[in-house]
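Below is one structure, written out as structure tokens; the observations come after it.
Numbering (my numbering), first residue to last: -2 to 331.
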């Protein structure tokens, strides 16, 4: 039998055929494997197929077989099972910081990890259109630059923008650079995912404090030659505590607060602050917990949603600020 120019690729192509076109419900016979190989210009005999399958199995591929009227071969276990791939697809399509275009590209790549039968199942559950997605296609380059800066222990510079209402554009929401287009320079520490957004946690030398920035609002991220500063500020840094405390990643004053709530809200509190939050009983139907929070509209909004079944006990300064927030909100409707 004449051998084609792709003959040396036989094992690799056979592996790809099994990975793409077989699973537990769709096995391939020896003749079907030979036919598919011929589609790539590769000749094969039945005996050589058996030898190749054994070689791939010795390599680590989980090749299984079923026998009815004929023997069918398929890939058993894979690096990612279908439920795991569905989880990855869900994460991609629900992430606001990934653009719609990139979401579809990533989901297609995730699908390539499954057989084309399972990949079609993944595509049927994709709902990307009309979801809230960032329009910033440069976020991937920004993330890459930030990772490089963290690895090289270098400071970065970038511009930072916000969304504003512009009458010049016919009352449209437009992008505007913050600080009059001024350049930010920080020492990057880590990246964090919170509330479906991606954030850079960094040390700002000007304010001598830890700050956070939404990556999809960063532009023109550049590495500098300057070494990172502020390592002492992160010596006792706890990402889990920081994420729970900084509601919605908006700035504000970090404060230790004590809150009284009804017993049935313990799950709500655990979801927000974790099950290890310090809790004490307060009568038959209430409890008191302590937590570090940022006194911001995001925290007040969370507390307001609990209505009269939760209240700030201390400090009084936090009580006063929450009361002022409520008064301003009510005044809008007077």
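Backbone N, C-alpha and C define an ideal beta-carbon position, used for all residues, glycine too. This one's a predicted model, so the numbers in the text were calculated from it and none came from an experiment.
Is the distance from the Cβ of residue 54 to the Cβ of residue 60 below 9 angstroms?
Position 57 of the chain shown, counted from the start, is the residue given in the question as residue 54. Position 63 of the chain shown, counted from the start, is the residue given in the question as residue 60. Yes; because the gap between Cβ atoms is below 9 angstroms, this pair is in contact.
Within 10 Å of its beta-carbon, does residue 64 have 16 or more other beta-carbons around it, so buried, or fewer, so exposed?
Taking the first residue of the chain shown as position 1, residue 64 is located at position 67. Answer is exposed; the Cβ neighbour count stays below 16.
Tell me the rounded alpha-carbon separation between residue 198 and residue 232.
Numbered from 1 along the chain shown, position 201 holds the residue referred to as residue 198. Numbered from 1 along the chain shown, position 235 holds the residue referred to as residue 232. Cα to Cα, the separation comes out at about 14 angstroms.
Skipping 5 residues on each side, what residues in its chain have a beta carbon closer than 6 angstroms to that of residue 42?
By one-based count along the chain shown, residue 42 stands at place 45. Around residue 42: no qualifying Cβ.
Report the residue from 305, 318 and 48 whose alpha carbon sits nearest the alpha carbon of residue 337.
Because residue 337 is not part of the residues shown, which for the chain are -2 to 331, the question remains open.
Cβ-Cβ separation, residue 39 to residue 6 (assumed contact under 8 angstroms), whole Å:
Counting from one through the chain shown, the residue named residue 6 turns up at place 9. Counting from one through the chain shown, the residue named residue 39 turns up at place 42. The distance from the Cβ of residue 6 to that of residue 39 is about 7 angstroms, consistent with a contact at the 8 angstroms cut-off.
Counting beta carbon pairs with one atom in the region 209 to 221 and one in the region 259 to 272, are three or more of them shorter than 8 angstroms?
no
Start-to-end residues for the beta strand (DSSP E) that takes in residue 278
Counting from 1 along the chain shown, the entry for residue 278 is found at position 281. Note, residue 278: beta strand (DSSP E), 275 to 278.
Three-state secondary structure assigned by DSSP to residue 42
Here residue 42 refers to the residue found at position 45 when the chain shown is read from its first residue. Coil.
Using 10 angstroms around the beta-carbon of residue 214, count the other beta-carbons present and answer buried if the total reaches 16, otherwise exposed.
Position 217 of the chain shown holds residue 214. The residue is buried, with at least 16 neighbouring Cβ atoms inside 10 Å.
For residue 302, the three-state DSSP class (helix, strand or coil)
The residue labelled residue 302 in the question sits at position 305 within the chain shown. Three-state DSSP puts residue 302 in coil, outside helix and strand.
Measure the C-alpha to C-alpha separation of residue 104 and residue 173 and round it to an integer number of angstroms.
The residue given as residue 104 occupies position 107 in the chain shown. The residue given as residue 173 occupies position 176 in the chain shown. Taking the straight line from one Cα to the other gives about 31 angstroms.
Does the structure place the region 135 to 150 close enough to the region 185 to 194 that three or more beta carbon pairs sit under 8 angstroms?
yes
What three-state label does DSSP hand residue 109 in the structure shown?
For the purposes of this step, residue 109 is identified with residue 112 of the chain shown, where counting begins at 1. Residue 109: coil per DSSP, three-state reduction.
Residue 331, DSSP secondary structure in three states
Residue numbering aside, residue 331 sits at position 334 when the chain shown is read from its first letter. The three-state secondary structure of residue 331, taken from DSSP, is coil.
Whose C-beta lies closer than 8 angstroms to the C-beta of residue 157 among residues of the same chain, with five residues either side of it excluded?
The count along the chain shown starts at 1 and reaches residue 157 at position 160. So the qualifying residues of the chain are 174, 175, 176, 181, 210, 214, 215 and 216.
Boundaries (first-last residue) of the alpha helix (DSSP H) holding residue 261:
Here residue 261 corresponds to residue number 264 of the chain shown, with the count starting at 1. No alpha helix (DSSP H) contains residue 261, which DSSP labels as neither H nor E.
Return the chain-ordered list of same chain residues with a C-beta closer than 7 angstroms to the C-beta of residue 50, the five sequence neighbours on each side being excluded.
Along the chain shown, one-based indexing puts residue 50 at 53. For residue 50, where only same-chain residues beyond five positions count, the Cβ hits under 7 angstroms are 60 and 70.
Quick check: what's the CA-CA separation for residue 134 versus residue 33?
Working through the chain shown from its first residue, we reach residue 134 at position 137. Working through the chain shown from its first residue, we reach residue 33 at position 36. Cα to Cα, residue 134 sits roughly 39 angstroms from residue 33.
To which residues does DSSP link residue 197 through a beta bridge?
Counted from its first residue, the chain shown places residue 197 at position 200. Paired residues: 188 and 210.
Is residue 95 closer than 9 angstroms to residue 15 when the C-beta atoms are compared?
Translated into the one-based positions of the chain shown, residue 15 becomes position 18. Translated into the one-based positions of the chain shown, residue 95 becomes position 98. Result no, Cβ atoms of residue 15 and residue 95 do not sit closer than 9 angstroms.
Report all residues from its chain with a CB closer than 7 angstroms to the CB of residue 17; omit the five preceding and five following residues, and keep chain order.
Taking the first residue of the chain shown as 1, we reach residue 17 at position 20. Here the set comprises 112 and 113.
Checking the sheet assignment: what are the DSSP bridge partners for residue 296?
Residue numbering aside, residue 296 sits at position 299 when the chain shown is read from its first letter. DSSP output for residue 296 lists no bridge partner at all.
Do residue 285 and residue 257 have their CB atoms nearer than 9 angstroms?
To locate residue 285, count along the chain shown from 1; it is residue 288. To locate residue 257, count along the chain shown from 1; it is residue 260. Yes, these two residues count as a Cβ contact at 9 angstroms.
Starting from the Cα of residue 226, find the closest Cα among 159, 292, 277 and 153 and give me that residue.
For the purposes of this step, residue 226 is identified with residue 229 of the chain shown, where counting begins at 1. Scanning 159, 292, 277 and 153 for the CA closest to the CA of residue 226 turns up 153.
Helix, strand or coil for residue 58 per DSSP?
Residue numbering aside, residue 58 sits at position 61 when the chain shown is read from its first letter. Here residue 58 sits in coil by DSSP.
Apart from the five residues just before and just after residue 230, which ones in its own chain have a Cβ nearer than 7 angstroms to its Cβ?
Working through the chain shown from its first residue, we reach residue 230 at position 233. Excluding residues up to 5 positions away in sequence, 200 and 207 lie with their Cβ nearer than 7 angstroms to the Cβ of residue 230 in the same chain.
I need the boundaries of the alpha helix (DSSP H) containing residue 33, first residue and last residue.
Counted from its first residue, the chain shown places residue 33 at position 36. Start and end: 27 to 35.
Using the Cβ count rule (16 or more neighbours within 10 Å means buried), how would you classify residue 234?
Against the chain shown, residue 234 aligns to sequence position 237. Exposed, by the Cβ-count rule.
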